[in-house]
Amino acid sequence: MGLTYVLRPAPSADWPRAAAAFKQLADEYPNSPFKSPANLLLSLHSELDQVSTDIKQRDQRIKQLTTELDRLKKIDADRRKKP
355 MGLTYVLRPA PSADWPRAAA AFKQLADEYP NSPFKSPANL LLSLHSELDQ
405 VSTDIKQRDQ RIKQLTTELD RLKKIDADRR KKP
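In the working numbering, the protein residues as written are 355 to 437.
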């Protein structure tokens, strides 16, 4: 059931419902052969979320450093202009 929520076209994919279905499967059917794949999908999605967060933080840091570098370049250029 969880895959039906995830494999919809991009705008209507519903990960929260899919995750709930995967968790329900794992909890209610511990001996199911689908438990391991469900747990794997949950784990992979969690890792994907973490990587996305890391990328956003990295991009923000790059932007901050670029701004700081530009500011320092301007200060250096201004100092060189003064006699």
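Yeah, the Cβ is synthetic: ideal placement off N, Cα and C, and Gly gets one too. Since the structure is predicted, the reported quantities are computational estimates derived from the model, not experimental observations.
{"Item": "So what's residue 361 in DSSP terms, helix, strand or just coil?", "Value": "coil"}
{"Item": "Do you know whose CA, among 389, 363, 406, 385, lies nearest residue 373's CA?", "Value": "389"}
{"Item": "If I measure Cβ to Cβ from residue 371 and keep anything under 7 Å in the same chain, skipping five residues before and after, which residues do I get?", "Value": "359"}
{"Item": "Just curious, the alpha helix (DSSP H) that residue 427 is in, first and last residue?", "Value": "389-435"}
{"Item": "Provide the residue span of the alpha helix (DSSP H) that contains residue 384, from first to last.", "Value": "Where residue 384 is concerned, there is no enclosing alpha helix (DSSP H), given that its DSSP letter is neither H nor E."}
{"Item": "For residue 374, does the three-state DSSP call read helix, strand or coil?", "Value": "helix"}
{"Item": "If residue 375 sits next to residue 355, beta carbons under 8 Å apart, how far is it from one beta carbon to the other, in whole angstroms?", "Value": "5 Å"}
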